[in-house]
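Heads up, the thing below is written out as structure tokens.
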Amino acid sequence: MHRFFAERLDERSAVLPPEEEAHALRVLRLQPGDECQALLEDKLFAAEIAETAPRVVLRLGDELPSTEASVRVTLYQGIPKGEKMDFIAQKCTEAGVERIIPVAFSRCVAKWDGKDAAKKQARFQRIAAEAAKQSGRAVTPEIGLPVSVTKLCQELRDYDLALIPWEEESGNGIRAKWQGQKKVAVVIGPEGGISPQEVEQMRTAGAVPVTLGPRIFRTETAGLAAVISLLTISGDME
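Listed below in structure tokens is the structure:
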């Protein structure tokens, strides 16, 4: 089923913005009467094409059940090199994260500064929006600007549970630490990992290191593995 971001006209109708309109008409060649879904005001609606000229107008049907996870997960991701953040933004959106916040750990090689940081944020926000649409989510995760480790530690105190998947941890898995908490942070280090000093800073802020098993994940797959593990344990993948 084709899904489109839409803008409300009235209670029972919506219009497609220009980019979505071009995709619907020129690529998909949709016609009046064709069924689709509308992503509108953080909700998902059944819809059909009512008109195609001068604008593509949708006739809205029933609101569809929410696909959002009951556990609200924020991924704090150590800034990775190259295009790895593209993958992280796309796949973790598909998995169900609520927010992705880059973190400037001491072992980060890549740097986001000034205008470059804003451009990257906008790019990753677009990737997340497309991934949300593809995966049937009505809510697009927020992609934040980079924060320092000090700022990260301040924010971790606001969560019901903060997990640090760390290769040096053993014996404590996500299943042992998740006890029904609804607001959870997952902290992933960059390619060089998180230093013991930074782990200790986060421990002081209430975070707990956990293991993802005996195998070592790359930075671009560790967050995805942790999020899917947590949402599987919580029942959100059923």
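Counting in our numbering, the final residue of the sequence shown is number 238, and the numbers go up one at a time with none missing.
All C-beta atoms in this analysis are idealised placements derived from N, C-alpha and C, irrespective of residue type, glycine included.
Given that a residue counts as buried once 16 or more other Cβ atoms are within 10 Å of its Cβ, and exposed if not, what is residue i?
{"i": "Val186", "result": "buried"}
{"i": "Ser66", "result": "exposed"}
{"i": "Gln37", "result": "buried"}
Return the CA-CA distance between residue i and residue j, expressed in angstroms with no decimal places.
{"i": "Gly298", "j": "Lys183", "result": "No answer is possible for residue 298: the residues shown for the chain start at 1 and end at 238."}
{"i": "Ser148", "j": "Gly171", "result": "29 angstroms"}
{"i": "Glu198", "j": "Glu168", "result": "13 angstroms"}
{"i": "Asp116", "j": "Arg123", "result": "11 angstroms"}
{"i": "Arg218", "j": "Gln121", "result": "22 angstroms"}
{"i": "Tyr76", "j": "Ala129", "result": "18 angstroms"}
{"i": "Phe105", "j": "Ala162", "result": "17 angstroms"}
{"i": "Gly78", "j": "Gly144", "result": "12 angstroms"}
{"i": "Ala95", "j": "Leu25", "result": "30 angstroms"}
{"i": "Gly206", "j": "Val97", "result": "21 angstroms"}
{"i": "Pro209", "j": "Arg29", "result": "51 angstroms"}
Could you tell me which residues DSSP pairs with residue i in its beta bridges?
{"i": "Val210", "result": "Pro165"}
{"i": "Thr74", "result": "Arg99, Ala185"}
{"i": "Asp10", "result": "Ser13"}
{"i": "Phe4", "result": "Ala38"}
Out of the options, which one is the CA nearest neighbour of residue i?
{"i": "Gln201", "options": "Gly173, Ala131, Thr150", "result": "Thr150"}
{"i": "Ala138", "options": "Gly33, Ala225, Glu63, Pro165", "result": "Glu63"}
{"i": "Val73", "options": "Leu58, Gly114, Asp160", "result": "Asp160"}
{"i": "Thr52", "options": "Ala89, Ile88, Ala14, Asp86", "result": "Ala14"}
{"i": "Arg59", "options": "Val227, Leu16, Lys119, Arg215", "result": "Leu16"}
{"i": "Glu238", "options": "Lys84, Met1, Ala69, Leu44", "result": "Ala69"}
{"i": "Trp178", "options": "Gly82, Ser229, Lys111, Arg107", "result": "Ser229"}
Under 8 angstroms by Cβ, that's how I've got residue i and residue j pegged, so tell me the actual separation to the nearest angstrom.
{"i": "Gly223", "j": "Ile188", "result": "4 angstroms"}
{"i": "Leu40", "j": "Arg8", "result": "6 angstroms"}
{"i": "Ala46", "j": "Gln90", "result": "Between Gln90 and Ala46 the Cβ distance is about 26 angstroms, and since that is not below 8 angstroms, they are no contact."}
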